[in-house]
Structure formats: C-alpha cells, structure tokens
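Protein chains in written order, with my numbering: chain A, 1 to 357; chain B, 1001 to 1420.
Every residue, glycine too, gets a C-beta built ideally from N, C-alpha and C.
If you're wondering where the values come from, they're calculated on a predicted model, not measured in any experiment.
Here the structure comes first, spelled out in structure tokens, and everything after it is commentary.
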Amino acid sequence: MFYRRAGIRHTRYQDERQLFPLGFDRGLIIAVILVLLAAPFLFDRLYVSGYLLPWLIWTSAALGLNLLMGWSGQIHLGYGAVMGIGAYGSVHLVRLGVPLEIAMIAGGLLSATIGTMFGGAALRMKGIYLAMATLAMQYVVDFVISHSSVISGGSLATLQVPPVRFLGIPLQGDLPTYYLAFGVCFVITLFMLNVRRTSFGRALAALREKDYAAQILGISTFRYKLLAFWVSSFIGGVVGSLLAVTYLRAISPDQFHIELSIQILAMIIVGGLGSVLGPFFGTALILFAPIVLNNLLGAAAGTFGLSLPIDLRAHLPLMAYGALVIGFLLYEPLGLAKIYANFRNYLLVWPFRHAQR
Amino acid sequence: MSLDRRSFIAGSAALAAPLALPVQVFAQEKIVRFSLPQDFTRIYTFVTSEYNQGQRDYFTLVNDRGGVGGYKIVADITDHANDLPRAIEAYERGKREGAVLIDPLSTPVARALVPRALEDKINMITAYSGRSDAADGSAFPYVLPLSINYWTQAGLIIEQFKKTEKGSLKGKKIVFVHIDTPFGKEPLPILNVLAKKEGYELAAFPYTPPGNDQSAIWPQVRRARPDFVIFWGAGVGQTVALTEAIRNGLPMDRVSGSVWLSESDMDVVGREAAKGVMKVEPCVGGREPKVIKDILADVIGKGKGAGPENKVGTAYYNYGVQMATLMVEGVRKAAEKAPNGPVTGPWLNEGLRSITNFTADGLLPPTTITKDDHQGGGMGRIARWDGAKFVPITDWFSANQDVVWEEIRKNSDEFKKTGK
C-alpha cells in the first residue's frame, strides 16, 4: 500500500539504478531531510543542540568507521585517536589563522596519513591481531598528544577553539553549527550510499569476504586495504575537527580516548555493520538511551514520589541500557538497520504476506 | 528473523512509549534552581555520592528553615557518567528549566562547558576540578571554583614541608608521584618554580592511568631516598599509591596527598598502617562543625537524610556541604542586592562574587570571592591521619600565592587571547 510495489516494475535501467528506486523511499528521505533542515525552527533548543547536533556528528564518525569495518572488514579499535588527530591538527591550524575550510581538510589529510601508516599493519594481520595493532595506535596517539604540551596546549592541556567562520558565516550560536554538522553528515552519507556502486566499493566487499580470493580476482589487496584505511581515516579526521569546532569548543586529550573508539564501534555494531542507515539508528541508541532512560526514571521518581538512593537511581538506567543493547542484538544480530529492513519488507507488500522476489 | 504481525504491533508500541514523556511544568514559586549533573557511575563514583549527599542534606536544611532570602533551593540531580554528550544534554536541559547554577564536578565536563557557561551566563561551580586558571575572575566571570585549586594545594604542601624542616628546604629531595594525565601533571609548573626558589631537588615519577598497578614506581621512589613525597591522583590510584608507599617503608609522616584523600581510602589501605600521612584540608572534617551538627539534628534526625548516615562528616561529604554553603551564601547575597530578582545567572553571579569573609559557622576558612579572585583567598590547612581521623596540624594558612597567581595569569591570558 505504502510502497505500491505490487505490480509496478521498472521499465528503464536508470529507474532501477537510482539510489532509491522506490518512490516511497524517496519521499521518506526528502521528508526526513526537510524535518532536519527545519529542526532549529521546529524544536526547542535543547533538542537541537543537545540531541540532533551530537547525533549528526557521531553518526558521521560511525559512517566513517563503518566504511572500514562494514565494507572492507578491517577491525579498527583506535578510531577515537584518528578523530583526535584530525581535531588537534585542524584546531592548531585554525589557531594559526588558517581558514576553517582548509583546516578541516588538512585535519582529515593528517588523520589519513597517520591512520594509513598504522593501517599498514592490516597488510600482515587480520581479525583479532589487527584489533590489537589498532588498539596500540589508540594508546600511542593518546600518549603523544598528552605528553607533548605543544600539541595538548600547556599545563592545563586544554586547547580553546577560537571563533571561526565557515564560508564567511561566523560559527556562533546554534544555527550555523547545526547546519555545518548537517552539511558534513549529508555529504558523508551521500558518499557512503554511492561507494557500494563503485568499483572501489566492490573491491572493498571482495576484500571483506576473503582477501586472497580478491587478490586472485585481480584486486590489489595492498592498494585497497590501504585505501580503505585512508578514506576512513580521512572521514574520521574531518569529523574530529567538526566535533571540536561545533560541539566541544575546547579539546583535551581525554575526549579522544579509548571510550570514544568503543562508543563508535558499539554504534555500528548495534546499528548494523555495512549499512548506511545502521549508524543513524545505532548512534541514536548508544548516545541517547542512557539519557532518555535517566530522564524517564527521574520523571517517574518525581511523579510517583519514589525515593530511590542516588546510586541506585544512577545505575538503574545503565542496567536498562545494557539490557536494551543485548535485547536488540539477540532479537536481530544484524543490527537495528536489519530490524528496519524487516519492517520495511513487511510493509512492502502489505496487506499481503509475502513479497514476490 | 522475520517479522510477524504480533511482533510488529508490539514493536510499534514499544517505540511509541518514550514519546509520551511528560514535559514538566513547574509552578512559579520563589525558587532558585541549581543543576547538579555529576558522575555517579563512571570514574568519580563514591566521591560523587558522598559529595552530592552533603550538598543535598544542606539544601534540605536550608529549605526546611524557610529558605534563604525568601528563596527555596531546588536541586536537579542527574548522572552524566563523565560523558560529554550526556553532560551537555543535562546542561541544556538545566538551562531550559531555568537553572542559574551548574555543578558538574568533573574536569573534562567542566572544560567543555566553559565556553557555553560564559556565553549563556550560567554560573558553573568547578570545585576541585576544571581549569585551575578559572581562579582569575576577570577572564572567567561565570566559572567559579570557590575553592583552592591544585596549584595552591601544591604550594600549601611545600610550605608545610618547609615548616617541618625549620624554614629551609635547601638541598632536600622532594619526590612527586603522579598519575600520568593532564590532571596529574598540573602541579608540576608550581613545584618546578618553587624548587628554584626554595632550593630543593624535585623528582617526578609518573604512573600510568588509572593507577591500579604502581608496583614498578615505588621501589624507584624508595631508592631515590626522598625527604618528602607528594602523591597526586584520584580514585583507585590513591589507595594503591598509599599501599605501595607503606610497603616500601617510606616514612608516612613525610608523605602528603592533595585534597583527594578520605576516610574511605583509609579503610582500603588499613587505618593503622596509614598513620601519619598528610593531606590538604579545604574545610573542616568530621562532625564537629556547627553546620554538620545542625544537619545531624534537623535533617538526619528527622529521617530526611539523602544517604547513609555513617557518611556524614566524612571528608567528601563535608566538601559537598562546603560548596553548598557557598552557593546558598551566594543566593543570600544576591537576594540582599536585588530581593525581587529576577532570578538569572547574572543575578546569582553578583551574589556569589560578593561573598566576604564567609566561614559557614566555622566549617570553612574565611572565604572571600571577588570579581578578580574566584578561588576565595587560597586558604587551607594540612591534616594528618592519626589512625581514626584526620587531625589538623596547622591553622588555616595561605602560601606561595605569588607563584600560583603568576601561573593563573599566564594561562588565563592565553585563554583571553583565543577565547574571545
């Protein structure tokens, strides 16, 4: 009914090749984009700068990691460090007077360079061993940043982001920061949607399934493994500088520690490896479930006059959050994106039960 | 897993449930709203619960006595788990609900909130956390540590060592064992400057965070044959450091920590073994001060206590009461200046920055907050563990403030240059 899939078949190759071949999907995407564009005028400031802004930023980062883990199958436990390199690189450049547009790209390039160097480990290692190598990268980068006061910014180890402009617009207040994050997220999403239709994306998929099989098929594993690290680290670096400029506004080493890496990893696993939609769902769950559960419990305690000890009150939402994550993964190990896909499949031919393949 | 009709309906219902979250609307009484998002679950854990318990008990005491200056205190408490998105959400929520003060009790969170608090004119309390240079009120009008920062604490400890050595530290060796994070390295500039000034030799030994294994460091400390040892960390690192210091036979009466040492730590180390160790006391510990006695009688006695009674009067509990008395005194001063409000950040800011010679009936050293000095005068005292409690061995004193303020100004100037 919604998708009007029954009986309608594409008659031209162009129609079938579109990013979203079904009209309903296109409409839905446009509606979501319109709502996001109008969000600062529709919703309270709390929801724009407290929820939507971090959601867009963390989603962009998760998409970058998903390219590496979901598309090319290389494990990375140091993505937080990759973002940190981009953030520090671009903030230092901005402080030296370089325009933000260039500094963001330069931060991305710096991340890409260093990320690819460590990614070189992937040429010899796989799976859990690669995980250890990238974990080492996390700790090396943490160490270097916090031990060179030139990078970390003196004895207080806090680097203030000076007032910046993007394309001539000063990044102050909610509107410009939100729209910049939206723009970056939009471009990265568009890129990710298209990657799987390119030879690069197909090479990554071949690499993921079996790297020596890919080599036999004529795909240079050397080239594509490094390229996967390069692209993913570049995205990480750009998002790192976006995070610093629009959200953190003052960076310190502890913001890019292993916790951030694990958080982003959790987002793509819960959301769905190798999916574009997954990181959007995963980020929302990982970032906001603790907050929403906390507020729900607080509201419930307030309404019903429960007097819980503060420790229990703080830990209960975390237990519920853990249960939620495990529950979703038990229900659908392929992630939230797959749950959505099931839901969509169900509606594709609704009210009929089975889709004709 | 395929989707059938039943799970489809159940799933839709589950998705719709959180959307029905009620938006609370509060009646317009004369209230002052404080937002206290703190870390109960990740790093500071028990420190936060004791600190927060003290704050809430004091607010209960004040409210039961009819409030302050005609205003009641409302404190919203949430857990931010030291996680920036959660803390920033809590900050934005507090701002929307009209909070005029926020106390995150976390260095990373405070750092990220500094630009926002300055922009939104919301008073942020950064007691024993956040940026040390926030003591400079001219650069950080809305960031108020209201307590002695780490540089002052280091200055006080050195002064105490100097007194022990009858006025001269020339040729002495002081070892500084610290967690290898920006927080742990923070006192180093002060210690280095003082080393030049006082003529002692400084040796720094960093241990890797979080510090639950320091067994490689402490034998080196022993071999260095220090005259004095300062250990600098928080949470689990503190008890491990003390245990190792005891195991390596260092004379405990020549070992000192910062403000982050409490009775709970001593229970872990062993109350008897840790005898003699020193710490910096920013306010009176124990149950003797009048405020704590009042809380025991009027709050705990009436069953309105916010937590377990045996925590009342412990070090971190009293820190919480200390900060709460300062916040309430700020409200009182603000209400004196403008009794009818409106209650805004700048309104409270005026009050907080005109606190003069406030001691909360003997709980704190005389504290004066001015528009330039947000540290409150830099007074503290040194206390020694006697096996059962911390006993003060000095009166309230202040030391080496010239060196401390040089460092404060150096950093706040740097902030002013790029922050604006």
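- Message: Using DSSP's beta-bridge definition, name the partner residues of Pro1206(B).
- Response: Beta-bridge pairing links Pro1206(B) to His1178(B).
- Task: Kindly give me the distance between the Cβ atoms of Val1229(B) and Leu1250(B), rounded to whole angstroms, as I take these residues to be in contact under 8 Å.
- Result: Contact holds; Cβ gap of about 6 Å.
- Task: Give the single residue among Glu101(A), Trp58(A) and Arg12(A) whose Cα lies nearest to the Cα of Pro279(A).
- Result: Pro279(A) has its Cα closest to that of Trp58(A), out of Glu101(A), Trp58(A) and Arg12(A).
- Could you please give the first and the last residue of the uninterrupted beta strand (DSSP E) stretch that includes Ser1035(B)? Following the DSSP letters along the chain, one finds Ser1035(B) inside the beta strand (DSSP E) bounded by residues Ile1031 to Gln1038.
- Tell me whether Asn1063(B) sits in a helix, a strand or coil according to DSSP, three-state version. Asn1063(B) falls in the helix class under three-state DSSP.
- Taking 8 Å as the CB-CB limit, is Ile1292(B) close to chain A? No, because no Cβ of chain A sits closer than 8 Å to the Cβ of Ile1292(B).
- Task: Anything in chain B within Cβ reach of Thr246(A), meaning under 9 Å, just list it in chain order.
- Result: Correct list: empty, because the minimum Cβ distance to chain B is about 12 Å.
- Alpha-carbon spacing of Gly240(A) relative to Leu336(A), whole angstroms: Taken atom to atom, the span from the alpha-carbon of Gly240(A) to that of Leu336(A) is near 25 Å.
- Message: Just checking: is the beta-carbon of Phe1140(B) within a distance shorter than 8 Å of some beta-carbon in chain A?
- Response: Judged by the 8 Å Cβ criterion, Phe1140(B) is not in contact with chain A.
- Message: Can you tell me which residues form a DSSP beta bridge with Leu159(A)?
- Response: Listed as beta-bridge partners of Leu159(A) by DSSP are Ile251(A).
- Going by the CB atoms, is the gap between Gln74(A) and Leu68(A) shorter than 8 Å? Going by C-beta atoms, Leu68(A) is nearer than 8 Å to Gln74(A).
- Task: Identify whether Tyr1071(B) lies in helix, strand or coil by the three-state DSSP scheme.
- Result: DSSP places Tyr1071(B) in strand when its eight states are reduced to three.
- Message: Once DSSP output is grouped into helix, strand and coil, what is the label at Asn66(A)?
- Response: Reduced to three states, the DSSP call for Asn66(A) is helix.
- Task: Just the C-alpha distance for Gly298(A) and Ser307(A), rounded to the nearest angstrom, thanks.
- Result: Roughly 10 Å between the two C-alpha positions.
- Task: Kindly indicate if chain A contains any beta-carbon less than 8 Å away from that of Glu1092(B).
- Result: Yes, contact with chain A.
- Message: Could you tell me the alpha carbon to alpha carbon distance between Ser1035(B) and Leu1101(B), rounded to whole angstroms?
- Response: So the two alpha carbons sit approximately 6 Å from each other.
- Item | Residues bridged to Trp1385(B) (per DSSP) | Paired residue(s): Phe1390(B).
- From which residue to which residue does the beta strand (DSSP E) around Glu332(A) run? First-last for Glu332(A): undefined, no H or E at that position.
- Item | Cβ pair count under 8 Å reaching 3, the segment 274 to 291 of chain A against the segment 217 to 224 of chain A | The answer is no - the segment 217 to 224 of chain A does not touch the segment 274 to 291 of chain A, with fewer than three Cβ pairs under 8 Å.
- Whose CA, out of Ala1216(B), Lys1304(B) and Lys1279(B), lies closest to the CA of Ile1158(B)? If you compare the alpha carbons of Ala1216(B), Lys1304(B) and Lys1279(B) with that of Ile1158(B), the shortest gap goes to Lys1279(B).
- Taking the C-alpha atoms as reference points, what is the distance between Asp44(A) and Ile188(A)? The alpha-carbon atoms of Asp44(A) and Ile188(A) are separated by roughly 26 Å.
- Query: Ala1075(B) versus chain A: which residues are under 9 Å apart at the beta carbon?
  - Reply: In chain order: nothing, as chain A lies at least about 11 Å away.
- Val1114(B) CB to nearest chain A CB: under 8 Å? So, interface residue.
- Message: To be precise: take each residue of the segment 255 to 288 of chain A, compare its Cβ to all Cβ atoms of chain B, and keep it if any distance is under 9 Å. Which residues remain?
- Response: Answer set for the segment 255 to 288 of chain A: Gln255, Glu259, Gln263, Leu287 and Phe288.
- Message: Any beta carbon of chain B sitting closer than 8 Å to that of Ala337(A)?
- Response: Residue contact with chain B for Ala337(A): absent (no Cβ-Cβ distance below 8 Å to any residue of chain B).
- Message: Nearest by alpha-carbon distance to Leu52(A): which of Phe352(A), Pro40(A), Tyr212(A) and Ala61(A) is it?
- Response: If you compare the alpha carbons of Phe352(A), Pro40(A), Tyr212(A) and Ala61(A) with that of Leu52(A), the shortest gap goes to Pro40(A).
- Item | Sheet register partners of Ser1256(B) (DSSP bridge) | According to the DSSP secondary-structure assignment, Ser1256(B) is paired through a beta bridge with Ile1230(B) and Met1278(B).
- Tell me, please, whether the CB atom of Leu1144(B) is closer than 8 Å to any CB atom in chain A? So, not an interface residue.
- From Ser1132(B) to Phe1415(B), what does the alpha carbon distance come to, in whole angstroms? Across the structure, Ser1132(B) and Phe1415(B) are spaced so that their CA atoms are roughly 12 Å apart.
- Can you tell me whether Ala112(A) is buried or exposed, with buried defined as 16 or more other CB within 10 angstroms of its CB? That one is buried.
- With a 10 Å radius around its C-beta and 16 neighbouring C-beta atoms as the bar for buried, classify Arg9(A) as buried or exposed. Counting Cβ neighbours within 10 Å, Arg9(A) comes out exposed, since fewer than 16 surround it.
- Item | Min CB distance Gly1305(B) to chain A below 8 Å | Chain A, which has no Cβ nearer than 8 Å to the Cβ of Gly1305(B), makes this no.
- Message: Ignoring anything shorter than 4 residues, give me the alpha helix (DSSP H) runs that lie fully in the segment 242 to 302 of chain A, in order along the chain.
- Response: The qualifying runs are 258 to 271.
- Note down, in chain order, all residues in the segment 42 to 59 of chain A with a beta-carbon under 8 Å from any beta-carbon belonging to chain B. Of all residues in the segment 42 to 59 of chain A, those with a C-beta nearer than 8 Å to a C-beta of chain B are Asp44, Arg45, Leu46, Ser49, Gly50, Tyr51, Pro54 and Trp58, reading in chain order.
- Where do the ends of the beta strand (DSSP E) carrying Asn1123(B) lie? That run of the beta strand (DSSP E) goes Asn1123 to Ile1125.
- Message: By the 7 Å beta-carbon criterion, what residues does the segment 1117 to 1128 of chain B contribute toward chain A?
- Response: For the segment 1117 to 1128 of chain B, the beta-carbon criterion of a distance under 7 Å to any beta-carbon of chain A is satisfied by none of its residues.
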